[in-house]
Amino acid sequence: MTCVFIISFSVRMINFRQSVYFGYDEARDAYDSINIYTKGDLKISGPPASAFKGINHGPIYLYFIGPLFLLGRGDPYFVSIIFRLINSLGVLLVFAVGTTYFGKIAGIFASLLFAFSYEQYIYGIFTGNPALSNIFWPVLFIGAGLISSFSKKVKPGLFLMIVSTSFIAQFDLILSYSFLVVGVLLILLRDKVRKLKFGDWFKILTLGFLPVVSYPLAELKNKFLGVKTFLSIINSNFSTLPDGQTRWSLFINNFVGLFKDNI
């Protein structure tokens, strides 16, 4: 796996300087993250998740990149290397997923696909909060695999599922639908998890949901601005659908494109 990791990191370092993008959003986040540590300007909300006021990602991303920018003396190239390194570590997680479900050969093959994946390359070179949410998806399925394959690892498996999904939503609010994925998996694994005691569920859910506590806290602080904005969008019949498309046609086109663009 060391060789696969080196290959993965090398792929993400191709055309390194030309592929580093540091625009307005990245500069804004860098400024806010540095101020957290240099001026004590603590944040309870993260970067904007849309053009609508009050809808933001979680703040952990800002607390994470602040030390990186300080350590690199504000150099975006240094931070980009760290993000590429983090994404490259995904080969180990994907290997664990493949090995858990199908065996070692499948794990190696899956990790190689991850190493050369164009989609993962794009995530790897992107210095932004979605790049960090992306790396927690394999952890979710590792947790499900532990529940499915090892009777004595149901509790750690369930915790990994919940906490990884919380981090996915923390780093990228749009991906909050990942909780639906967990719901479906728990239905499929119901025979494995139904034996857990109430106390086990309480501890796992309490600790697992800690990464998303910032969202309700931010809503309380901002007098539910995000909720009000979301409701106003729904009530205004606002639509982002292109002309001539329905919600279903847009979903199908994007779903097909997910596979087509990654062949």
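Our numbering applies: residue 417 is where the sequence shown begins, and numbers increase by one. For each residue, glycine too, the CB sits at the ideal point set by N, CA and C. All of these numbers come straight from a predicted model, not from anything done at the bench.
Asked: Where P464 sits in the DSSP three-state scheme; Found: strand
Asked: Closest by C-alpha distance to G642, when choosing among Y453, G514, G462, I620; Found: G462
Asked: At least 3 beta-carbon pairs within less than 8 Å: the region 420-434 vs the region 480-491; Found: no
Asked: Three CB pairs or more closer than 8 Å across the region 598-609 and the region 489-503; Found: no
Asked: Rounded C-alpha distance that separates S565 from N550; Found: 24 Å
Asked: Environment of F614 [buried if 16+ CB atoms lie within 10 Å]; Found: exposed
Asked: As assigned by DSSP and simplified to three states, the class of N472; Found: strand
Asked: Per-residue burial, Q434 [other beta carbons within 10 Å of its own, 16 or more giving buried]; Found: exposed
Asked: Pairwise C-alpha distance: L562 and T454; Found: 42 Å
Asked: Collapsed DSSP secondary structure at D588 in the structure displayed; Found: coil
Asked: Among V598, W617, F432, P627, nearest to F499 - alpha-carbon criterion; Found: F432
Asked: Touch test, the region 571-584 against the region 621-635, Cβ-Cβ under 8 Å, three pairs minimum; Found: yes
Asked: Outcome for P554 when other beta-carbon atoms lying within 10 angstroms are tallied against a minimum of 16; Found: buried
Asked: Cβ shell of I450 (< 7 Å), same chain only, five flanking positions each side left out; Found: G482, F485, L486
Asked: Cβ of P463 within 8 Å of any chain C Cβ; Found: The structure shown has no chain C; it contains just one protein chain.
Asked: Separation of V513 from L528, as counted between CA atoms; Found: 13 Å
Asked: Run of the alpha helix (DSSP H) containing G490, from where it starts to where it stops; Found: From DSSP, G490 is part of no alpha helix (DSSP H); its letter is neither H nor E.
Asked: Range of the contiguous alpha helix (DSSP H) that encloses P627; Found: Per DSSP, P627 belongs to no alpha helix (DSSP H) and is neither H nor E.
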